[in-house]
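Written below as structure tokens is the structure these notes are about.
Protein chains: 2
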Amino acid sequence: MFEFRLEATQGSARAGTLTLPHGPVKTPAFMPVGTHAVVRGLSAGDVRRTGAQIILGNTYHLHLRPGEHVVQSMGGLHRFTTWSGPMLTDSGGFQVFSLEGLRRIEEDGVEFQSHIDGTLRMLTPERVMEIQWQLGADVAMAFDHVVPGQASFDTASEGMQRTLRWLDRCKAKHEELSASHGAAQQTLWPIIQGGVHDELRLRSLEGTLHRGPWTGVAIGGLSVGEPKPVLHRVLELLHPVLPVGTPRYLMGVGFPPDLLEGIARGIDLFDCVAATRNGRHGTAWLETGRLNVKGAALKGSVEPLDPACDCETCTTYPRGYLRHLFVVEDILGLRLISIHNIRFLVRLGEQARAHILDGTFDRWSREWLGRYHAGRN
Amino acid sequence: MFEFRLEATQGSARAGTLTLPHGPVKTPAFMPVGTHAVVRGLSAGDVRRTGAQIILGNTYHLHLRPGEHVVQSMGGLHRFTTWSGPMLTDSGGFQVFSLEGLRRIEEDGVEFQSHIDGTLRMLTPERVMEIQWQLGADVAMAFDHVVPGQASFDTASEGMQRTLRWLDRCKAKHEELSASHGAAQQTLWPIIQGGVHDELRLRSLEGTLHRGPWTGVAIGGLSVGEPKPVLHRVLELLHPVLPVGTPRYLMGVGFPPDLLEGIARGIDLFDCVAATRNGRHGTAWLETGRLNVKGAALKGSVEPLDPACDCETCTTYPRGYLRHLFVVEDILGLRLISIHNIRFLVRLGEQARAHILDGTFDRWSREWLGRYHAGRN
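Here the protein sequences come in this chain order: A and B. Counting in the working numbering, the first sequence runs from 1 upward without gaps. Counting in the working numbering, the second sequence runs from 1001 upward without gaps.
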């Protein structure tokens, strides 16, 4: 349980297998986001057929609706959603720190106003551990103090140091919950913070590892507006210091090129809502770049959306029909493009893994990125 | 091709098999409505898994978007939608006559303003035959003059007589199209009109049969606001005059009890948007009546939506999760309740058929209706 086996590396890129209570996850892998215990618009079967191995839920949203006690009384997130594979819950840190003006940060935790009914609520490291324990995902995330993307050294330092202090409390509470329930059903992963400041990132990582060992380490507070070269620099900075035998999860990333850039810098796991958000807006990802499914060019086309793709959408429907669904505003269109976009990222992970295993990742990745960026954007 | 084999009767209720170019249809049967070449929110696979044998498309809507030439250039409705089973297209009569104020009725046809872009368009019996031929469904419907549910004798008489004159023109055009294309790929069904006036209904039927033979006969202009006993009276009036060996299609009906009441009066085929419309609004049909899926009573429930149902929704998801999907407004909820409601009507047809075949329809139907009406409404 909670094991990670590194199977191959090429440069900084890694291929491995993470074993969780609800099954294995072959890495590198993209994890679809099911904010409200549903990957927007998709059934558990739809998600399974994309080849996704692990999905996310969100503590902030599930705490508000339906409430962790409801999920627990129904047998936990797996029974609730009928998703039987591995799951991870985000801690809600990112969400409460995004509620500008609606929240008050104290050392104890964050007081915030529900965006649903306006009620005043409090999340503390201990509370967040309890909620995630009740939700019952395989992986719980530590409660972190997230600062804006361009935060100053002092602000980023304050958030990073509080994240470390909160990590102590999360760890203590999670150990208490695990001990009182016998078998270890859930593991806790810490989150590295520190903004765009190298010194803070290294101190965050050092302080985090000092509090370990961990079965996984997440990198948070990136992909929040900073330039891509900064994101890449931070990943390159952390890579040699991160323990080789621990999976690394880059939170909130990414778009297709971000996955390959992250994998090239040693990242194993990714999550992002862009696949489903773009799907809902009719933007499909292809190897040649993005495609607007509503575009007049697709009218009457009998071609598949992406001839290279093996998803339900691309193997079943002609482009002209997908366009028609968006024109007549039928929700089937949103579903079908979301399915394709998720499969696109899942398959990108599978392809990267295969190329790492046979030592061709660098060349393949370079060519892939060249083709994608040269395409229609 | 276009054969109907009557396999059993009990009272006026009938069980048979209709053979169409794209496959057989065991009757009695409910036909889901795919107005825009999509059963609202459902994939062709979703619809297939409900056990539906035949689906509808709508000439009016498909003429406007994407246009019959686009559908034809993509290989017809079957290739366009990926639905490989039997299909029927409505003639657009009901739609253009519902465009109060936006249309002008002449003997030649109906001039109307598109509700999409305001352009002026004309549908004539000949044009409607051409459009349906290009769409390529197994069954095309004649262009009929539909009058309001409570139309006077004179108004209903005018509509009925025009429907007969238009039927001559539809038949001539359809025979011309069939002859010029060799093999018979599509059949034409006439529509009985005459409002709630017995004399007119009988004259409509007589005039229609006189112009036959037909491979199927539809009864239109009902379920448009008239009281249920009137609907039942008209069906009882027509039953002994309708040819035994021809399938009868009651257009725009119905809700679950309407299906059983129609079957008891000799109807073989039904269509209605209520299954998906109710599904979108979170109303599920159960054998004990309707259920509001958003209701607080479902919160936390691990029970299936309908323990008696074998649909994807009922065999997979707990009630508490279905309610949650409506609370967080995820479109998966609309899909799952639509799937259940369609399966509910399809299964009702299957059950009725089995009971007609073994001679227990009357008792079963009476008990079923008693249970449904006694339930929560």
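Glycine is no exception: its CB is placed at the ideal position from the N, C-alpha and C atoms.
Original post:
the region 68-102 of chain A: which residues have C-beta closer than 8 Å to a C-beta of chain B, in chain order?
Top reply: V70, S73, M74, G75, R79, F80, T81 and T82
**OP:** State the Cα-Cα distance for the pair P170(A) and P213(A), rounded to the nearest angstrom.
**Re:** Pro is not the amino acid found at residue 170(A); the sequence shown has Cys there. C-alpha separation (whole angstroms): 14 Å.
Original post:
Are L1020(B) and D1138(B) touching if we call contact CB-CB under 9 Å?
Top reply: yes
**OP:** Name, in chain order, the residues that DSSP records as bridge partners for A284(A).
**Re:** L291(A)
**OP:** Less than 8 Å between the CB atoms is what I'm expecting for P247(A) and D268(A), so what's the real figure, rounded?
**Re:** 4 Å
**OP:** Could you tell me which chain B residues have their CB closer than 7 Å to the CB of D330(A), listed as they occur along the chain?
**Re:** H1036, V1038, R1040 and G1041
**OP:** Using a cut-off of 9 Å between C-beta atoms, extract the partners of T316(A) located in chain B.
**Re:** S1043, A1044, G1045 and T1082
**OP:** Output, in chain order, the set of chain A residues within a Cβ distance shorter than 8 Å of H1022(B).
**Re:** None at all; the shortest Cβ gap to chain A is about 17 Å.
**OP:** Would you identify the three-state DSSP class for W1083(B), choosing helix, strand or coil?
**Re:** coil
Subject >> Nearest-angstrom Cα separation, counted from F1094(B) out to W1364(B) >> reply: 34 Å
Original post:
How should P1032(B) be labelled, buried or exposed, when 16 other C-beta atoms within 10 angstroms of its C-beta is the threshold for buried?
Top reply: buried
Subject >> W133(A) (DSSP reduced to helix, strand or coil) >> reply: helix
**OP:** Can you give me the Cβ contacts of A218(A) inside the same chain, cut-off strictly under 6 Å, excluding the 5 residues immediately before and after it?
**Re:** W189, I191, Y249 and M251
**OP:** Compute the Euclidean distance between the alpha carbons of H976(B) and A140(A), then round it to the nearest angstrom.
**Re:** With chain B running from 1001 to 1377 in the structure shown, residue 976(B) is simply not present.
Subject >> First and last residue of the uninterrupted beta strand (DSSP E) at H1122(B) >> reply: At residue 1122(B) the sequence reads Met, which differs from the His that was named. Note, M1122(B): beta strand (DSSP E), L1120 to L1123.
Subject >> Cβ neighbours of M129(A) in the same chain (closer than 6 Å, five flanking residues each side left out) >> reply: C170, K173 and H174
Subject >> C-alpha distance - S178(A) paired with P1318(B), whole-angstrom precision >> reply: 28 Å
**OP:** Let me know if P125(A) comes out buried or exposed under the rule of 16 or more other beta-carbons within 10 Å of its beta-carbon.
**Re:** buried
Original post:
For the 8 Å Cβ check, are there 3 or more pairs between the region 1045-1056 of chain B and the region 1332-1344 of chain B?
Top reply: yes
Original post:
Would you call the CB atoms of E287(A) and Y372(A) closer than 9 Å?
Top reply: yes
**OP:** Please determine, among L242(A), V253(A) and G207(A), the residue with the shortest C-alpha to C-alpha distance to L164(A).
**Re:** G207(A)
**OP:** Taking G149(A) as the reference, give the member of G45(A), F97(A), L357(A) and T59(A) with the closest Cα.
**Re:** F97(A)
Original post:
Could you give the distance in angstroms between the alpha-carbon of K1026(B) and the alpha-carbon of A1008(B)?
Top reply: 12 Å
**OP:** Pull up the DSSP beta-bridge partners for C272(A), would you.
**Re:** P32(A)
**OP:** Consider the C-beta atom of V234(A) and the heavy atoms of the ligand FAD; say whether any pair is separated by less than 8 Å.
**Re:** The ligand FAD is absent from the structure shown, which contains no ligand whatsoever.
**OP:** Give a yes or no on contact between the region 295-307 of chain A and the region 352-364 of chain A, applying the rule of three or more CB pairs nearer than 8 Å.
**Re:** no
Original post:
Any C-beta of chain A sitting closer than 9 Å to the C-beta of N1377(B)?
Top reply: Below a pLDDT of 50, predicted positions are generally treated as unreliable, and N1377(B), at 46, falls in that range; the measurement from the model is reported next regardless. Not one chain A Cβ lies under 9 Å of N1377(B).
Subject >> T1246(B) (DSSP reduced to helix, strand or coil) >> reply: coil
Subject >> Proximal residues of chain A, C-beta to C-beta of Y1060(B) below 9 Å >> reply: In chain order: nothing, as chain A lies at least about 13 Å away.
Original post:
Which value, in whole angstroms, describes the spacing of the CA atoms of E1367(B) and P1257(B)?
Top reply: 12 Å
**OP:** Would you check if the distance between the CB atom of G1085(B) and the CB atom of I1054(B) is smaller than 9 Å?
**Re:** yes
Original post:
Within the 9 Å Cβ cut-off, does R1335(B) reach chain A?
Top reply: yes
Original post:
Less than 9 Å separating the beta-carbons of V110(A) and T276(A)?
Top reply: no
Original post:
Is it right to say N1377(B) is buried, meaning 16 or more other beta carbons lie within 10 angstroms of its own, or is it exposed?
Top reply: Per-residue confidence for N1377(B) stands at a pLDDT of 46, beneath the threshold of 50, marking its modelled position as unreliable; the derived number appears in the next sentence. Counting Cβ neighbours within 10 Å, N1377(B) comes out exposed, since fewer than 16 surround it.
Subject >> Within 8 Å of chain B by C-beta, residues of the region 112-144 of chain A in sequence order >> reply: none
**OP:** Entirely within the region 1321-1377 of chain B and at least 4 residues each: give me those alpha helix (DSSP H) ranges in chain order.
**Re:** 1331-1357 and 1361-1374
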